[in-house]
Amino acid sequence: MILIAPNTVWNPRALETRRVPRKLLGRVAILPRQRLPVRIWARLVVEGQFLRFSLALSPFVAAMFIWPESALPISQAPLAMLLVIGVVEMKLLRVPRDRRDEVVDAATADRTLDTLRFRARRVLGRIAARRGLDRGAMHLVVEQSELARIAPLTLVSLQAEPGVGAPQAAVLTPDPEERAWLAGLFDDTLTERDLHLANQRADLFLRDIAFEAQTVSAHSRLAALMDAAPA
808 MILIAPNTVW NPRALETRRV PRKLLGRVAI LPRQRLPVRI WARLVVEGQF LRFSLALSPF
868 VAAMFIWPES ALPISQAPLA MLLVIGVVEM KLLRVPRDRR DEVVDAATAD RTLDTLRFRA
928 RRVLGRIAAR RGLDRGAMHL VVEQSELARI APLTLVSLQA EPGVGAPQAA VLTPDPEERA
988 WLAGLFDDTL TERDLHLANQ RADLFLRDIA FEAQTVSAHS RLAALMDAAP A
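The sequence shown runs 808 to 1038 under the numbering used here.
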């Protein structure tokens, strides 16, 4: 899981938006500032279409070296290249439409999504109480890559509608304690892989959980005040 916020990426301007939820994968380059394992950086690189397309077309390049006399006809076969890219992208790296129901059963997928929504609303409620918000909607956006046969890539961001912490829609910056709460979205009972399977079944990879600040309970607000009292 990679937490996306203006202070966690090298290109915060790419997070500017006019509405929420803000979709990121496939639209902006993700350049995290935090230290990440090499495998995570490798996964981010694989997400780039240029690398995937280059690998898919590598047999054509190899063929041009093996049979140089046929290099020109091979290089002028765009339909064949598009066909290969389509097969790799839609059949190998994604779950075909007719096999989505085989990925995970409906009951398990529903439980996974219910657990995500419950945890997300709990975190959003704590954040809204901590910030003293009493109106407007906050969104916890969990976005995953569509690529199926490799490790899931999960982006989590806290987003808000206009008037909630900013005059316009924005990707918010959580403080260290809020980041710890967001990091607790996934554990052994709800893994990124579990969510990825549910998303593949539904062919929906952006989950937007909204929370109205005015619904924060008085108990939550009191708890937030008591937590802040020593400071």
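The C-beta atom is built at its ideal place from N, Cα and C for all residues, glycine as well.
Only a predicted model underlies this, so the values are computations on that prediction, with no experimental measurement involved.
Kindly indicate which three-state DSSP category residue i falls into: helix, strand or coil?
| i | result |
| --- | --- |
| Glu823 | coil |
Can you tell which of the options has the C-alpha that lies nearest to the C-alpha of residue i?
| i | options | result |
| --- | --- | --- |
| Val827 | Val971, Leu890 and Phe872 | Val971 |
| Ala836 | Arg842, Phe857, Leu920 and Arg825 | Phe857 |
| Lys830 | Val949, Pro981 and Ala1017 | Val949 |
| Glu953 | Thr915, Met808 and Glu896 | Glu896 |
| Gln951 | Gly943, Thr961 and Ile957 | Thr961 |
| Met808 | Ala958, Ser877 and Ala977 | Ala958 |
| Ala1012 | Pro813, Leu832 and Ser865 | Checking the displayed sequence, the identity of residue 1012 turns out to be Phe instead of Ala. Nearest option by C-alpha distance: Leu832. |
| Arg937 | Asp905, Arg918 and Pro981 | Pro981 |
Excluding the 5 residues preceding and the 5 following residue i in the sequence, name in chain order all residues of the same chain whose CB lies nearer than 8 Å to its CB.
| i | result |
| --- | --- |
| Asp784 | Outside the shown range of the chain (808 to 1038) lies residue 784, about which nothing can therefore be said. |
| Trp817 | Leu838, Pro839 and Arg840 |
| Arg926 | Gly991, Leu992 and Leu997 |
In terms of DSSP beta bridges, what is residue i paired with?
| i | result |
| --- | --- |
| Ile809 | Leu962 |
| Leu1013 | Glu950 |
| Ala1020 | Answer is none; Ala1020 lacks a bridge partner. |
| Ala977 | Ala967 |
Near residue i, what residues of its chain come up, given a Cβ to Cβ distance below 7 Å and the 5 sequence neighbours on each side ignored?
| i | result |
| --- | --- |
| Val902 | Val910, Ala955 and Gln1007 |
| Arg907 | Gln1007, Arg1008 and Asp1010 |
| Arg846 | none |
| Arg928 | Ile1016 and Phe1018 |
| Leu1039 | The structure shown does not extend to residue 1039, since the chain is modelled only from 808 through 1038, so no value can be given for it. |
| Val852 | Leu858 |
If I measure Cβ to Cβ from residue i and keep anything under 6 Å in the same chain, skipping five residues before and after, which residues do I get?
| i | result |
| --- | --- |
| Ile934 | Glu985 |
Complete runs of the alpha helix (DSSP H) confined to the stretch 909–975 [at least 4 residues]:
913–938
Entirely within the stretch 835–917 and at least 4 residues each: give me those alpha helix (DSSP H) ranges in chain order.
845–854, 856–873, 878–882 and 885–894
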